[in-house]
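Chains as they are written, first to last, in our numbering: chain A, 79 to 384; chain B, 79 to 384; chain C, 79 to 384; chain D, 79 to 384.
Below is one structure; the comments refer to it alone.
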């Protein structure tokens, strides 16, 4: 059976920077404590929202150390070990283990073109090298490969994977992943990585969610998860509709796209709400400003967050 | 407000062929009557499931004439006018109108590379030319363009579009389409074109579904729609899980893919169930046979359909 | 051995329209005669440049009839039979044959998802149905499938294909196609469909070219082909560099893309040069105007074409 | 004007491993010396062929140190600093500079979705941070972004880029890059990263090539470059046809693809030719064996390399 520690709402932590792009530990403390007080069930650091691929190894370690210290065992901490290939991911994983995280999250290799055999072997190599629960991160928009459902189930049955964070945007394969995981005795915790269709994922049988927007509005996601647990689907849907409207902070801007629009909007909202000091982005991404900030402010106001 | 005729379960009609690839009117009659008796709310002909792009203009007209005759006004008939560009689609639309269909369904232009302005103008041209409700068919896997949500809403508000059949596989944009359609006064009927995540679409607020699998098992989709109308989400989900298992007929085969695997499986199931005489496919697609047929038979048996 | 009629410079004919989008036969006559007088070796109608997918069946026939009449046997006429699937392509092919074309050009099926077996069978069906030389048109940007080299060689050896028009943009596969065609005894005429890398294709061993820009500046392409035949590679390259600069008419515009930018620029250039009456585009494509026309004019002037 | 040091044949160095995946310095010595004795003009390490993304930071440093020592100033050494984002690339670049390389090679950022402004800023950040000639590596198949030609020219004019290694497979954009670089006073050295269409690139005006196959057969590429310098295009083409046939070692295998098929074939050929001790691949890639090795052997024999 899937590890019960890794269910429910597990936001991917957005990382605050100072104006000169240093880690802003004070804001990080404020944001993490706010999410835990709202009732989230875990935290995922060093995923896309934590700007993992922008961070040097030193910065990655700083983020882990501070998060583990701030969280102090109140909820489990999952850490991404995102890198191009297996040996590099194993190095990140060993460092994360030494720093005290509770689980690791790995994508398939990327940059070099590879096939399913190599992807499967990569997960097995990581599992063999490091004694921590391992989650597969399915994010084809970044790695340009969709993880195969039968492979994931096989790795779950073999005890290689403790779960899957699905950011594939493919709700059909997600449903089959949940169904086949159930048929296999539920060895994995299946988490959706999306913000605006969490209700459908819960109805499908997902074990939880990893919503970036959970940094901005953790309360709604916590209420939604509790309603899903209680079978109150009207509330699940109602909360979702509200969260979908808040998520428009990532699309009301203009002239930006991808990471700059998504994480940029989360940082801007957190700054407007007084949780982050700045909305500073890592190089080479420009921080949002001017009319883009105002557009985000209007969405927050319209939804009662300011 | 959206036209109430175009809500609920509206299966895309799979077209039976004789061994020598003529239209098998007897089987078509049997299948259509079975779906109507099961309680479907409409029928969509000349979409992908009706092998529209494989059909000559003559064949297209034969399919429309026979369907309109068999249906005889019991449910509305929507007809695809799929073709590469606007003028060609308008020709198909006029023929379909003359033959008595109730609504038209058009994709954006394909083959030639075009932008959003041209796509929008294309829908407007079709609407101006033909006085029938017009649905936009969003199917990027075939036309390699995702229809823009704001454009669809604009066309809905302007009375150009009566609805959208969404086969985009993008549940996030689907949710925003539903939300924004609601905000605009619900001018359009928003239908999901998928089979295995209809429950999530209904929870999102979809007005109905267009499931190819509805040819094989219309009863489940009808029960699911009624449960959704009643707010009985546990039943909606339970029916969905069963339908998802039946839908595995499209993935248990090997050596085939795409249209041949999908519509090929539907035809094979319908033949095994005694509704179609053959599982003949149009050139240049090979019909399923041997072990692939047996694999489909096993899925049907496991789910009580044989 | 490849049919010698289908070698050299074979421009895809750009089709002039009147302001109200009727076929402008007078301009067509002027343009075709100009190309033949410049020394082109053939003409390809009803490809992308001839807006084939925008044209009703009636328009397609009008284009064929007028072209065959104007050409009057001076050079071979190849006609595209572009459509979604096999049976529809065969219908176009039979009409084209009745109207007197010398060869047919077919893409693989598109819209419905298909595999290599089906693509190969489609070409064989067309060849079996119509007794005319058949060219395969490799244009993945439009049909979203790259034709497999070994399949093309097999079809060439079997006498199914008389040649290939390669608009794939994949110069590596093009080289192997030429090499393997040579190894097989040169059964096919291999033509490049590009404008600005014809020199490299000739050096690779191509049998000719099908440059849309050949409508605007046929003289350069004819000189280039003659130089290639004579082994004068410095001239081949020099002509190419000049033609590449003229081809910038398709990229100096703004706010347009794809078909509208490419064929739109050719039509605008032909109008500015007095060969076409208008630069009218088919619905739903907007004709170029204002600053975009001026930008094209400047390129033509800079290269001595005005 | 472009730095003359960075022209001609600059093979990307394939890295030999021992059976237990340690760096095989003896084989590396043998292979590098063979290439230099064949007359290559430079060496590119830590690109895809050097399995850069598979290598830990320690392994990257080992490869640089050994290469710089072996080369000993006889030809310039360019080093890849491939990583997901700017700050990480800068760290690699500083280490490479300390270890004595002559130039750096960077892709645009990957994994996180970004736009052209961010890509341009990334190159500028690297240039500002490290005082070494910087090459842009255009390899969309790995980073899923094609570098914009006008941006590259701008960076060349501004002294940010010393050149471009183009592995885009887009010969049309390559031609315009060469033409516009020429118009700008030739600030950059434009190198093609392909193996089988180097003749066309040279005819286009390329300043050199970076062929992975140059590890296996450096002599042919050196002869080809000299012929191109002399304007002897028939020899350029003849050498290319032979090299294209040798390059088939990367496609005669079955059951492998991408990196495993390409670099796997180079390693296997080098082992068969007695230059490498093993054809060991890095985890999670399987080394070629059995019939795949025999297929490569046959290609080498047929072309006089065994």
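For glycine and all other residues, C-beta sits at the position ideal for the given N, C-alpha and C.
> If you compare alpha carbons, which of C:271, C:239, C:275, C:248 is closest to residue 259 of chain C?
Replying inline: C:239
>> On a Cα-Cα basis, can you pick out the residue from B:301, B:192, B:295, B:322 that is closest to residue 350 of chain B?
In response: B:295
> Near residue 112 of chain C, which residues of its chain fall below 8 Å by C-beta distance, leaving aside the five closest residues on each side in sequence?
Replying inline: 296, 353
>> Counting only C-beta atoms, is residue 315 of chain C closer than 8 Å to chain D at any point?
In response: yes
> Among the residues of its own chain, which have a CB less than 6 Å from the CB of residue 322 of chain C, if the five just before and after it don't count?
Replying inline: 274
>> In the DSSP assignment, the alpha helix (DSSP H) including residue 164 of chain B goes from what residue to what residue?
In response: Boundaries of the alpha helix (DSSP H) around residue 164 of chain B: 164–176.
> Which residues in chain D sit within 7 Å of residue 103 of chain C, going by Cβ to Cβ distance?
Replying inline: By Cβ distance, chain D contributes nothing, its closest Cβ being about 33 Å from residue 103 of chain C, past 7 Å.
> Which residue comes first and which comes last in the alpha helix (DSSP H) that contains residue 367 of chain C?
Replying inline: According to the DSSP assignment, residue 367 of chain C belongs to no alpha helix (DSSP H), since it is labelled neither H nor E.
> For residue 216 of chain B, which beta-bridge partners are listed by DSSP?
Replying inline: B:244.
>> Let's see if you can read the secondary structure: which residues bound the alpha helix (DSSP H) around residue 383 of chain D?
In response: Looking at the DSSP string, residue 383 of chain D is not in any alpha helix (DSSP H), and its letter there is neither H nor E.
> Do the stretch 227–234 of chain A and the stretch 259–268 of chain A make contact, defined as three or more Cβ pairs closer than 8 Å?
Replying inline: Contact holds: three or more Cβ-Cβ distances are below 8 Å.
> The beta strand (DSSP E) spanning residue 132 of chain B covers which residue range?
Replying inline: That residue, residue 132 of chain B, is in no beta strand (DSSP E); it is neither H nor E in DSSP.
>> Am I right that residue 177 of chain D and residue 88 of chain D are in contact with their C-beta atoms under 8 Å? What's the rounded C-beta distance?
In response: About 18 Å separates the two Cβ atoms, so there is no contact after all.
>> Between residue 189 of chain B and chain C, is the shortest Cβ-Cβ distance under 8 Å, so that the two count as touching?
In response: yes
> By how many angstroms is the C-alpha of residue 271 of chain B removed from the C-alpha of residue 299 of chain B?
Replying inline: 13 Å
>> Residues of chain D with CB closer than 9 Å to the CB of residue 267 of chain A, please, in chain order.
In response: Simply none; closest approach about 24 Å.
>> For the alpha helix (DSSP H) containing residue 122 of chain D, name the first residue and the last one.
In response: Note, residue 122 of chain D: premise wrong, no alpha helix (DSSP H); beta strand (DSSP E) at 121–123.
> Measuring CB to CB, does residue 134 of chain D end up less than 8 Å from residue 115 of chain A?
Replying inline: No, Cβ-Cβ distance for residue 134 of chain D and residue 115 of chain A is not below 8 Å.
> If contact means a Cβ-Cβ distance below 8 Å, which residues of the stretch 288–315 of chain C contact chain D?
Replying inline: 309, 311, 312, 314, 315
>> Please identify the residue among A:106, A:191, A:285 whose C-alpha is closest to the C-alpha of residue 256 of chain A.
In response: The shortest Cα separation from residue 256 of chain A among A:106, A:191, A:285 belongs to A:285.
> On the three-state DSSP scale, how would you describe residue 338 of chain D?
Replying inline: Correct three-state label for residue 338 of chain D: helix.
>> Using a Cβ-Cβ distance cut-off of 8 Å, determine whether residue 83 of chain D contacts chain C.
In response: no
> With C-beta atoms as the reference, is residue 187 of chain B less than 8 Å away from residue 355 of chain B?
Replying inline: no
> Interface residues of chain D around residue 272 of chain C at Cβ under 9 Å?
Replying inline: By Cβ distance, chain D contributes 249, 250.
> Can you check whether the CB of residue 182 of chain C is closer than 8 Å to the CB of residue 208 of chain C?
Replying inline: yes
> What is the residue span of the beta strand (DSSP E) that residue 268 of chain B lies within?
Replying inline: 267–270
> With 16 as the cutoff for other CB atoms within 10 Å, does residue 147 of chain B come out buried or exposed?
Replying inline: exposed
> Taking 8 Å as the CB-CB limit, is residue 320 of chain B close to chain A?
Replying inline: no
> Counting Cβ pairs, one atom from each stretch, are 3 or more of them under 8 Å apart for the stretch 129–145 of chain B and the stretch 90–105 of chain B?
Replying inline: yes
>> Please return the same chain residues whose Cβ sits closer than 8 Å to the Cβ of residue 224 of chain D, not counting the five positions on each side in sequence.
In response: 216, 218, 246, 248, 251
>> Helix, strand or coil for residue 191 of chain B? Go by DSSP, reduced to three states.
In response: coil
>> Please tell me whether residue 359 of chain D and residue 338 of chain D are closer than 8 Å, where the distance is taken between their beta carbons.
In response: yes
>> Output needed for residue 301 of chain C: all residues of its chain with C-beta closer than 7 Å, excluding positions within five of it in sequence on either side, in chain order.
In response: 317
>> What does the alpha-carbon distance come out to for the pair residue 204 of chain B and residue 180 of chain B?
In response: Approximately 15 Å between the Cα atoms of the pair.
>> Just to confirm before moving on: does the CB-CB distance between residue 153 of chain D and residue 293 of chain D stay below 8 Å?
In response: no
> Where in the stretch 134–163 of chain B do unbroken runs of the beta strand (DSSP E), each at least 3 residues long, occur, reported from the N-terminal end onward?
Replying inline: 155–158
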